[in-house]
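Down below is the structure, laid out as structure tokens.
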Amino acid sequence: MVGRELLVESAGAFAEALPDGGALIGIDLGTKTIGIAVCDAGWRFANALKTLPRGKFGRDRDELRTIMEGRKVCGLVIGLPRNMDGSEGPRAQASRAYARNLAEAFGLPVLLWDERWSTKSADDAMIGLDVSRRKRAERIDAEAAAIILQAAIDAAANAPLS
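If you're matching positions, the sequence shown starts at 139 in the numbering used here and goes up one per residue.
Written out as structure tokens, the structure is:
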């Protein structure tokens, strides 16, 4: 398989591309930071892991490889920043290119998942938990990655297989 075949945009296609079991990594790709989340091998619960400073792709890839080691990761979910009307701008195109590069680098299925409202949902949830503004700023991208990943695994679990 080449990277393009590993890049999917539907939960059903992603579920079909995955083996039975193995952890997934969720990524909220920002211009300055990368939020990382992980889920269990049964694809039930996504948890925020950490926020990385974004750098050149090679460094980001190596950081992700380190995170993936020992976790038996079988796929990646990357937030796709669509506009509110569903159209795609430059940030979405940059996310697509980044996802393609990750698919090629790791040889794993990569799902592009609509991330509209993920950061707002993460911020609202942390405000509801009375997390300070400073702590929210430190954790927002990882929490958004967890929301993206949870939505994707919920959809994949319920997606009809073709």
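In this text, a Cβ means the ideal position worked out from N, Cα and C, and glycines have one as well.
Going by the beta-carbon positions, is the gap between residue i and residue j smaller than 7 Å?
i	j	result
V176	A161	yes
L144	A241	yes
A294	A151	no
A260	I278	yes
W251	G217	yes
G213	L246	yes
G164	A184	yes
A186	A280	yes
Please classify residue i as buried or exposed, where buried requires at least 16 neighbouring CB atoms within 10 angstroms.
i	result
A232	exposed
F244	buried
L314	As shown, the chain starts at 139 and ends at 300. That puts residue 314 outside it, with no answer to give.
A289	buried
L267	exposed
A284	buried
D262	exposed
I291	buried
Take residue i as the anchor and find which of the options has the nearest alpha-carbon.
i	options	result
A282	K188, G150, G159	K188
D200	N239, A149, N296, D262	N239
G168	I265, P219, I291	P219
D223	I216, E253, L249, G208	E253
R197	L214, T171, I285	T171
N221	I291, P191, I265, A230	A230
F195	R271, I291, A263, Y236	Y236
T204	I174, E226, D292, R272	I174
D158	K258, D166, K210	K210
V248	R271, R234, K258	R234
Would you kindly work out how many angstroms separate the C-alpha atoms of residue i and residue j, rounded to a whole number?
i	j	result
R192	A179	27 Å
A153	G227	27 Å
Notebook entry, point to check: Where are the alpha helix (DSSP H) runs, 4 residues long or more, that stay fully inside the segment 165 to 219, in chain order?
Noted result: Complete alpha helix (DSSP H) runs here, min 4: 195 to 206.
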